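Only one structure is covered here, and it is reproduced in the block below.
Residue numbers (my numbering): 17 to 260.
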């Protein structure tokens, strides 16, 4: 894709991550950021994460909806992680630098970005539903079985059992939350939960989860409709086009 470079971006990278090679391409992809804050009078936002979707993608989407290109999407290669890790508050990413102060915890960052974008409800009950959905999606992913020391067959079987039990239970709950609201989203307006679900479904459809059915969620009409709503959002379309 096309990266947007500026003096502000260059100063940021030189000041904080001199050990990263912005122009190199590795198996992890390019290490350079794609967007930057170019107006000193605006809040300066720098989101740092691997050059992957992961826990940062929904945050990136909301930041783009809120700010367009006026923020730094700082993506680094996996090979650089061990040198970057000690510079983070808790040894993890994503982190979001706001006017020079670094913040962490992906759910908190997503909520902040969602508020900037208008993708987080002001109504307390609606906000509860959105948070409930976000926590459910995150919890579902945290329960995903990993291979570890399992044999290939044991790993395959553990994923099948996960899909037939926990994944089915959680998908049903997510679907119910959407249907309570009319079947097209968790609230009447786009939300951070919609964005997170969009990323999850995209990863499934791409076959990024071994031994799980990439079309598993297609039988849940509310989930599919919610994701379609995000995909048809004009700002999201621009973000996806710019981040290819």
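Quick reminder that beta carbons are idealized off the backbone N, C-alpha and C, glycines included.
Computed from a prediction, not measured in an experiment: that's the story for all the values here.
152 is the residue among 260, 136 and 152 whose C-alpha sits nearest the C-alpha of residue 192. For residue 82, the closest alpha carbon among the candidates 123, 62, 133 and 102 is that of 133.
In the DSSP assignment, the residues bridged to residue 91 are 65. When only Cα atoms are considered, residue 186 and residue 199 end up about 16 Å apart. A distance below 8 Å separates the beta carbons of residue 201 and residue 245.
For residue 77, there is no enclosing beta strand (DSSP E); the residue is part of the alpha helix (DSSP H) that begins and ends at 73–83. Listed in chain order, the non-local C-beta contacts of residue 211 below 7 Å within the same chain comprise 74, 77, 78, 135 and 246, local neighbours out to five positions each way being set aside. Annotation: residue 239 to residue 60 spans about 34 Å, alpha carbon to alpha carbon. Close CB contacts of residue 171 within its chain, under the 6 Å cut and outside five residues either way in sequence, are with 163 (chain order). Runs of the beta strand (DSSP E) lying entirely within the stretch 167–213 and spanning at least 3 residues: none are present. The stretch 115–133 makes no contact with the stretch 165–179: fewer than 3 CB pairs, one atom from each, lie closer than 8 Å. Sequence-distant partners of residue 130 (beyond 5 residues in either direction) whose C-beta falls short of 6 Å from its own C-beta, in its chain, are 78, 136 and 208. From the listed residues 67, 189, 122 and 70, the smallest Cα separation to residue 148 is found for 189. By the criterion of a C-beta distance shorter than 7 Å, residue 90 is surrounded in its chain by 49, 62, 63 and 64, once the five residues flanking it on both sides are discounted.
Shown here for residue 229: same chain residues with a beta carbon closer than 7 Å to its own, the five before and five after excluded, namely 179 in chain order.
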